[in-house]
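Here's the structure, in structure tokens; my notes come after.
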Amino acid sequence: MAITDNFQTRLPATIMKLQRSTTFRAELLKEAQMMAFRLSVLALFALSGVQASAGVIVNGDFSDSTPLAGFTATGTIAGEPAGGFAQLETDGSPLRTLEQTFVIPVGATSLSFDYQFSTEAILGSPPSGPDSFAASLITTIDGEFLDLFVVDLLGAIPDPSDGIESITGALPISVSLDPGVTIPGFSGFASGTTSGGRVTLSFPTTVLGEESTLYFDLLDNDGLAFSSIAAIDNVTVSSASGVIPEPTSFAVWGLLMMTNSMRRRRKTAA
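Positions 3 to 272 (the working numbering) are the ones given, in order, by the sequence shown.
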């Protein structure tokens with residue numbers, strides 16, 4: 003799979019992620035008002051005897067019996083196919099998103115996930131712009147924007163804001179892509195373009211210990227001209243000693259979901 007450096011390929015996904023980052027920055031005052039609630043959640047973590055840093059990625063392998071447990075989905079989501087991975091589909095609407103909010107442990111070193119992307123389009127076929135699949139991470143308190151990667155029929159670009167951080171407002175990061183990784187059970191389009199791999203972000207020290215939201219976005223840039231699907235699996239946060247496990251206590255998971263629910267209600271009210 004070729005790795006391209008085409009600014010036009012970066013643009014639609016980067017603009018969308020930048021708009022989201024700007025919105026986060028505008029809400030800093032409201033986030034400060036939520037601090038007391040977050041502190042109470044951390045206190046409940048302590049009372050439960052489970053470290054807050056244990057609550058990293060919930061259901062990152064999508065093996066939970068409840069479809070997409072731990073994640074928030076908007077738009078058309080195919081859910082969890084028999085292979086045990088999440089899948090997003092286009093249907094003419096501009097954006098489909100799968101997200102999860104978590105606290106990045108102080109000792110964490112990296113975040114990684116496997117992906118596959120398949121589109122009916124081929125080079126030269128999209129009338130407007132090709133569909134794309136992108137991932138980003140945004141911290142809650144200060145709105146730091148980490149532009150992880152974007153892929154479309156032209157290929158994959160890890161860290162699409164590399165070299166243009168002054169334009170996108172993204173934090174300089176190090177992201178690697180292993181194109182040799184696939185998701186077993188994923189079925190792409192027989193004709194068109196299909197690619198995949200493992201994306202790994204090396205955490206910058208400035209985000210350690212912060213609450214953040216990981217976004218997976220499928221952008222339908224060509225309307226109903228061509229269909230596209232994207233799959234995600236094995237979302238993990240690792241430290242020097244290995245993968246940091248998800249919460250083992252359902253109560254801890256419930257606290258994280260309660261925090262996300264409060265945030266969503268606050269945004270709706272605003």
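Note that beta-carbon positions come from the ideal geometry of N, C-alpha and C, so glycine has one too.
- A straight line joining the alpha-carbon of residue 231 with that of residue 160 spans about 19 Å.
- Rounded to whole angstroms, the separation of the alpha carbons of residue 100 and residue 82 is 12 Å.
- For residue 168, the enclosing alpha helix (DSSP H) starts and ends at 167 to 170.
- Given a length threshold of 3 residues, each whole run of the beta strand (DSSP E) inside the region 77 to 164 is given here in chain order: 79 to 81, 88 to 91, 97 to 105, 110 to 121, 134 to 141, 147 to 154 and 157 to 160.
- In its chain, beyond the 5 residues on either side, 106, 110, 111, 112 and 113 have a beta carbon closer than 8 Å to the beta carbon of residue 205.
- Bounds of the beta strand (DSSP E) holding residue 220 are 213 to 221.
- Secondary structure note for residue 197: its beta strand (DSSP E) is the uninterrupted segment 195 to 204.
- Cβ-Cβ separation between residue 179 and residue 90: approximately 19 Å, too far for a contact (criterion under 8 Å).
- Here the region 152 to 166 lies against the region 185 to 205, with 3 or more beta-carbon pairs under 8 Å apart.
- Annotated as distal: residue 86 and residue 188, with beta-carbon spacing of 8 Å or more.
- Under the 10 Å beta carbon count, residue 176 is surrounded by fewer than 16 other beta carbons and is classified as exposed.
- When DSSP states are grouped into helix, strand and coil, residue 239 belongs to the strand group.
- In the assembly as shown, residue 186 is an exposed residue. Its beta-carbon has fewer than 16 other beta-carbons within 10 Å.
- With distances taken between CA atoms, residue 181 lies nearest to 157 out of 157, 169 and 217.
- Non-local C-beta neighbours of residue 95 in its own chain, meaning closer than 7 Å and more than five positions away in sequence, comprise 77 and 222, ordered along the chain.
- In this structure, residue 246 sits near residue 58, with a CB-CB distance shorter than 8 Å.
- Look at residue 68 here: in three-state DSSP terms it is coil, with no helix or strand label.
- In the DSSP assignment, residue 246 falls within the unbroken beta strand (DSSP E) covering 244 to 246.
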